[in-house]
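Quick notes on the structure that follows.
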Amino acid sequence: MQQLFHGLSAAPGVGIGNIYKYAPAAPDDTGGTPAPPAGDPEEEWERFLAARLLVDEELARLARIGQKATAEIFLVHREILHDSTLTDAVRAAIDAGADAARATRQATADLVRLFQGLSDQYFASRATDIRDVGQRLVFRLGGITPARQLNPLPDGTILLAEDLTAFDTTHLDQARVVGIALAASTPTAHTAILARSLGIPLVCSAGAQILQLHSGMFAVVDGIRGRLLVDPDEENLEQYELTRSRLRRFQAEALSQSHEPALTPGGERIPVRVNVNSRDDLLHIHPSGAEGIGLLRTENLFQHRTSPPTVAEQLAAYQDVHSYTNNHSLTVRLLDIGGDKPVAYLQPPAEANPFLGVRGIRLLLRHPQMLIDQAQALIELAQNVSPVDRIRILIPMISKVNEVRQTLELLEEIPGYRHCRRKLGTLEVGVLIEVPSAALLAHHFASQVDFLSIGTNDLAQYTLAADRVNSAVATLATPLDPSVLRLIALTCEAGRAAGIPVAICGEVAGDPSVQPLLLGLGLNEISVAGPAVPLVKSAIRRVDVDAARELAATALKCSRAQEIHQLLHDIG
Amino acid sequence: MSNNARSPLPGDRAAHPQTPRQPSKCVVVTVSDPRGLHLRSGRDVVRIASRFQARITAANLSRNSGAVDLKSILQLMQLQARQGHSLRLAAFGPDADAAIEALCSLF
């Protein structure tokens, strides 16, 4: 029975193999062996200095052989290695009677704890860098480090762990690891950067439940859509084998052209943007070659506080995000919150089924001041940008035509709205199509808005009545089901008739092999996870739009998702 | 160079009151880098600070943090300095003026 786990895409590609579970001991754990008696403090200090020299040479070498992004990591690690705060703490522990290895463990563990306690996520993540430098030192001091379990590994290994440090990643048996799945970590962690430069597919944030899996299980790491599939059924396995071979061919070319625009052979330019969930995702925008942000989720701004953020607070936050778009547009989804993520100051009623309850625009229309404040902040930002790096407001969870009308009426009253939207051209309003009724009725409201964006994750789950995080039914909720494709086609038709672009921002859009189908259905813009951008652009450059239209017409006649997979395979 | 070697978080003890007649210089700067004072830009700050004899500290006024040693990247990171944050830089020693001048150009 296959099991599907959803995580985040951190390095693209598909890996197929057997799980090897890596459970490192805590960094300050000596592995049960009694520490040898410490020598004279001066001798221990000399040992530490000698180890530090070796680590420094090792980091300098790693910095020379890697790409620019990875080189930076090792240069920063050298800086930490020589940092007075670290070395003074090691010296103090040695003077207090510890041997060099124990002193290093202790000093780095203290610093790691200190950093983990910082409130800002970026700075708190630096704990990983410190742990990494500590591991390298302890390794050179002859101490037991868990990374000794990572080399050698069996052929075709899918490495599964809670997290990996950059040290782990540089010490693992790279030739034999075909994929990595991590319960924690983020796509901007050093391990992800290293995995991308090594060409090893990586899925992170897959959740603690993957740690229940054990070594030897057969699995697929789908670094494109951010999934781990265990014991895949035959159909899925076959598709993944095909995708894998196709990707290998295109990867190198894709990376070298990631900063070029994605033009189809017929010359149509398809903007490829990124979805942003957290601050970390912002750092992907420039390196991946993305053209702005196609979906900014704003829930984080509103959660974990006692009152809603003020207009000024929101403006500052959106300005900050906008500074990362590299002179491209920023699409902001209005607060999409419901009973599953209750926010205390909204006093939400308890709901048996929050995904079918008061969420998204339904909630905002009940709290119009929140909608007005959020829009106000975005309009103020729109007054200071150009049409090129314009602001696009995206309305979530529309299921009725009335909700579009009511929202637009509220927006019309906000000072600056008309000026920005109609005169300056720096503000657009669009509807997120994620409920089947919105797709079916899109032609009724398309002419009143500036763009549509299809959220295929929710559209598939609402169309097929299957929860995508419930692994027992998750595979039912595929956006490549003919029912979902027909809703996408209807939405594209409504957009075309109204003369407005239609975007897609679901997970499926990150799969290079579906680009012909998406363009054939009539989509004009793509928004994906940062690491997927180069391969998606490269796939778009190969799409013959006429053939793609025929492909879409054939796909729309299919009755089963499997036939559609087959069609994609035949053209790939 | 560091008077707080035994503690990773020096707090205000770094203010070092027992150095009376030394030249000192203090200035408030605003972080302009959109990514804040992250590892890479922090590295430049530490590099420049380390060229001077003066003892140099920084406090993040926007987070009400204590002063840290600006010659240590690990202490600098603890300021958690984001774009727009105000930092108070202080230098104590013979080349304090030159140190502050050089550091100001980085913000």
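If you're matching them up, the sequences are chains G and W in order.
Under the numbering used here, the first residue of the first sequence is numbered 1, with each subsequent residue one higher.
Under the numbering used here, the first residue of the second sequence is numbered 1001, with each subsequent residue one higher.
We put the CB at the ideal spot given by N, CA and C, even for glycine.
Source: prediction; values computed, not measured.
- Considering only beta carbons, the part of the segment 75 to 91 of chain G lying closer than 8 Å to chain W consists of Leu75, Val76, Glu79, Ile80, Asp83, Ser84, Thr85, Leu86, Asp88, Ala89 and Arg91, in chain order.
- For the segment 1072 to 1086 of chain W, the set of positions with a beta-carbon nearer than 9 Å to some beta-carbon of chain G reads Ser1072, Ile1073, Leu1074, Gln1075, Met1077, Gln1078, Leu1079, Gln1080, Ala1081, Arg1082, Gln1083 and Gly1084 in chain order.
- If you check the CB distance, G:Leu330 and G:Ile293 come in under 8 Å.
- One alpha carbon belongs to G:Pro415, the other to G:Arg421, and they sit about 11 Å apart.
- Note on geometry: alpha-carbon atoms of G:Gly338 and W:Val1045 lie some 44 Å from one another.
- For the segment 107 to 194 of chain G, the continuous beta strand (DSSP E) assignments of 3+ residues that do not extend past its boundaries occur at 157 to 161 and 177 to 182, in sequence order.
- Excluding residues up to 5 positions away in sequence, Leu160, Ala161, Leu211, Leu213, His214 and Ser215 lie with their Cβ nearer than 8 Å to the Cβ of G:Lys21 in the same chain.
- Boundaries of the alpha helix (DSSP H) around G:Tyr240: Glu234 to Ser256.
- Note that the segment 347 to 357 of chain G does not touch the segment 373 to 381 of chain G; fewer than 3 beta-carbon pairs, one per stretch, sit closer than 8 Å.
- For G:Ser437, the closest alpha carbon among the candidates G:Ile454, G:Val449 and G:Asp450 is that of G:Ile454.
- Rounded to whole angstroms, G:Asp570 and G:Leu408 show a C-alpha spacing of 44 Å.
- Annotation for G:Tyr462: the continuous alpha helix (DSSP H) segment containing it runs Thr456 to Thr463.
- Boundaries of the alpha helix (DSSP H) around W:Arg1043: Leu1039 to Ser1050.
- When C-beta distances to chain G are compared with 8 Å, the residues of the segment 1035 to 1056 of chain W below that value are Arg1035, Gly1036, His1038, Leu1039, Arg1040, Arg1043 and Val1046, in chain order.
- W:Gln1078: not part of any alpha helix (DSSP H); DSSP gives it neither H nor E.
- The beta-bridge partner set that DSSP reports for G:Gly216 is empty.
- Apart from the 5 residues on each side of it in sequence, G:Ala494 sits with its Cβ closer than 6 Å to the Cβ of Ala442, His443 and Ala446 in its chain, given in chain order.
- In this structure, the CA atom of G:Gln314 is about 45 Å from the CA atom of G:Val138.
- Taking C-beta separations shorter than 6 Å and ignoring five residues to either side along the sequence, the partners of G:Glu525 in its chain run Pro271, Pro501 and Ala503, following chain order.
- With a threshold of 16 other beta carbon atoms within 10 Å, G:Ser9 meets it and is buried.
- The closest CA to that of G:Glu58, considering only G:Ser559, G:Gln135 and G:Val449, is found on G:Gln135.
- Listed in chain order, the beta strand (DSSP E) runs fully inside the segment 374 to 439 of chain G are 391 to 395 and 427 to 433, counting runs of at least 3 residues.
- Among the CB atoms of chain W, none fall inside 8 Å of the CB of G:Arg249.
- Under the three-pair Cβ rule at 8 Å, the segment 1022 to 1038 of chain W does not count as touching the segment 1063 to 1071 of chain W.
- Residue pairing by DSSP places G:His565 in no beta bridge whatsoever.
- Not flagged as an interface residue toward chain W: G:Arg102, since no C-beta distance is shorter than 8 Å.
- DSSP places G:Val545 inside the alpha helix (DSSP H), whose first and last residues are Val545 to Lys557.
- Considering only G:Ile158, G:Gly97 and G:Leu182, the residue with the shortest C-alpha distance to G:Asp173 is G:Ile158.
- Selection G:Ser559, G:Ala532 and G:Gln251 evaluated against G:Val274 yields G:Ala532 as nearest (Cα-Cα).
- For the 8 Å CB-CB criterion, G:Ser527 and G:Gln257 do not form a contact.
- With contact defined as three or more Cβ pairs closer than 8 Å, the segment 238 to 250 of chain G and the segment 43 to 57 of chain G are not in contact.
- CA-CA distance, W:Ser1105 to G:Ala555, rounds to 60 Å.
- When the alpha-carbon of W:Ala1096 is set against those of W:Ser1041, W:Ser1032 and W:Phe1052, the nearest one is in W:Phe1052.
- Neighbourhood of G:Glu72 in chain W, by CB distance below 9 Å: Leu1039 and Arg1040, in chain order.
- Taking 8 Å as the upper bound on Cβ-Cβ separation, chain W lies near residues Arg126, Asp129 and Ile130 of the segment 126 to 147 of chain G.
- Per DSSP, the unbroken beta strand (DSSP E) holding W:Asp1069 starts and ends at Ala1067 to Asp1069.
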